[in-house]
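Engineer:
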Amino acid sequence: MAVCTAGVSLIIAVDRTRTLLEWEHLLDYTDVVCISVMAGMLSAATGFLILSTVSSKPMSSYIFCSTRKNRYARIFNSVIVGAMLVFLAAWVLVCVVITVPVVLLVMLSVLYNIKHVDCINLVHYGLSDEDNPICGMGLTVFYQQSQLILTSYVISLVGSTLVVISLVLYIICTSANVIYLKESPFPIFDIKSSFAREASRNANTRM
Numbered sequence: 001m002a003v004c005t006a007g008v009s010l011i012i013a014v015d016r017t018r019t020l021l022e023w024e025h026l027l028d029y030t031d032v033v034c035i036s037v038m039a040g041m042l043s044a045a046t047g048f049l050i051l052s053t054v055s056s057k058p059m060s061s062y063i064f065c066s067t068r069k070n071r072y073a074r075i076f077n078s079v080i081v082g083a084m085l086v087f088l089a090a091w092v093l094v095c096v097v098i099t100v101p102v103v104l105l106v107m108l109s110v111l112y113n114i115k116h117v118d119c120i121n122l123v124h125y126g127l128s129d130e131d132n133p134i135c136g137m138g139l140t141v142f143y144q145q146s147q148l149i150l151t152s153y154v155i156s157l158v159g160s161t162l163v164v165i166s167l168v169l170y171i172i173c174t175s176a177n178v179i180y181l182k183e184s185p186f187p188i189f190d191i192k193s194s195f196a197r198e199a200s201r202n203a204n205t206r207m
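In full-length UniProt numbering, the protein residues as written are 1 to 207.
(1) Assess, as a yes-or-no matter, whether the region 145-165 is touched by the region 123-133 under the definition of 3 or more beta carbon pairs within less than 8 Å.
(2) What's the call for V79, buried or exposed, on a 16-neighbour Cβ count within 10 Å?
(3) Assuming residue 209 contacts D118 (C-beta within less than 8 Å), just tell me the rounded distance between them.
(4) L169: which of L49, I11, L20, R18 sits nearest, CA to CA?
(5) Comparing alpha-carbon positions, which option in G47, M38, R16, G126 lies nearest A83?
(6) Spell out a yes or no on whether the region 165-179 and the region 6-23 are touching, meaning 3 or more CB-CB pairs, one atom from each, closer than 8 Å.
(7) Below 8 Å on the Cβ atoms is my guess for L108 versus Y72; work out the distance and round it to an integer in Å.
(8) Tell me where the alpha helix (DSSP H) around V14 begins and ends.
(9) Cβ of T5 within 9 Å of Cβ of I155?
(10) Only counting the same chain, and skipping five residues up and downstream in sequence, which positions put a Cβ closer than 6 Å to that of S152?
(11) In the DSSP assignment, the alpha helix (DSSP H) including N170 goes from what residue to what residue?
(12) Can you list, in chain order, the residues of its chain with a C-beta nearer than 7 Å to that of A2? Leave out the 5 residues immediately preceding and following it.
(13) Leaving out five residues on either side along the sequence, give the residues of the same chain with a beta carbon under 6 Å from the beta carbon of P101.
(14) So is the beta-carbon of C135 under 8 Å away from any non-hydrogen atom of the ligand PLP?
(15) Near F87, which residues of its chain fall below 7 Å by C-beta distance, leaving aside the five closest residues on each side in sequence?
(16) Comparing alpha-carbon positions, which option in I98, Q147, A176 lies nearest residue 211?
(17) Under 9 Å, do V81 and T140 count as touching if we go by C-beta distance?
(18) Taking just the CA atoms, how far does G40 sit from V178?
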């Protein structure tokens with residue numbers, strides 16, 4: 001859900017930014033990239049969740065019932081942790097990139113509402129190649145449209161932050177699973193032998 005929220009909001013924000021700044025030939029493939037990233041992340045997350053569930057207790061007690069299989073499970077979970085660390089770094093980078101337009105739009109709000117500037121020149125912010133200041137009614141319209149864009153960027157930033165938090169929690173859980181598999185070389189006997197121990201205790205009690 002957080003991935004979809006971040007992706008959809010980012011698509012809307014980039015499209016509005018392109019229209020506002022008249023960047024007709026820039027960021028043309030942003031929609032395709034965002035949709036591809038969302039689909040890839042959802043597919044990868046679903047696959048990792050299924051595979052991690054298979055190698056987690058008690059499921060692993062029935063599947064990884066030998067030292068060799070248990071070793072494969074530890075290696076597999078370690079690979080998942082490594083992949084999640086890569087995803088985590090990528091999403092942290094996404095958060096940093098999204099923060100840049102948020103900061104610029106907040107600066108615009110400060111200049112318009114607090115400083116009460118008469119004109120804004122986008123050249124000074126590296127957003128335009130033409131020295132064409134925006135003044136008067138044009139500045140008012142520009143500010144109003146920028147606030148809609150700011151809302152989309154903020155939603156996208158919140159969604160990306162939630163993804164980062166989710167990845168951190170997932171890495172913690174998977175790391176704990178690796179430790180569990182390492183300390184339980186024969187997890188199948190933990191469950192199956194419990195029935196034997198219970199039967200033995202019942203027999204001793206009767207005697």
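A virtual CB, placed ideally from N, CA and C, is assigned to each residue, including glycine.
Structural biologist: In short, the structure shows the following:
(1) no
(2) exposed
(3) No answer is possible for residue 209: it lies beyond the span of the chain, which begins at 1 and ends at 207.
(4) L49
(5) G47
(6) no
(7) The pair is not a contact, with the Cβ atoms about 55 Å apart (cut-off 8 Å).
(8) 2-20
(9) yes
(10) S9, I12, A13
(11) The residue asked about is misnamed: residue 170 is Tyr in this sequence, not Asn. Segment 136-183, the alpha helix (DSSP H) holding Y170.
(12) G159, L162, V163, S166
(13) Y153
(14) The ligand PLP is absent from the structure shown, which contains no ligands of any kind.
(15) L167
(16) Residue 211 lies beyond the stretch modelled for the chain, which goes from 1 to 207, so this question has no answer here.
(17) no
(18) 25 Å
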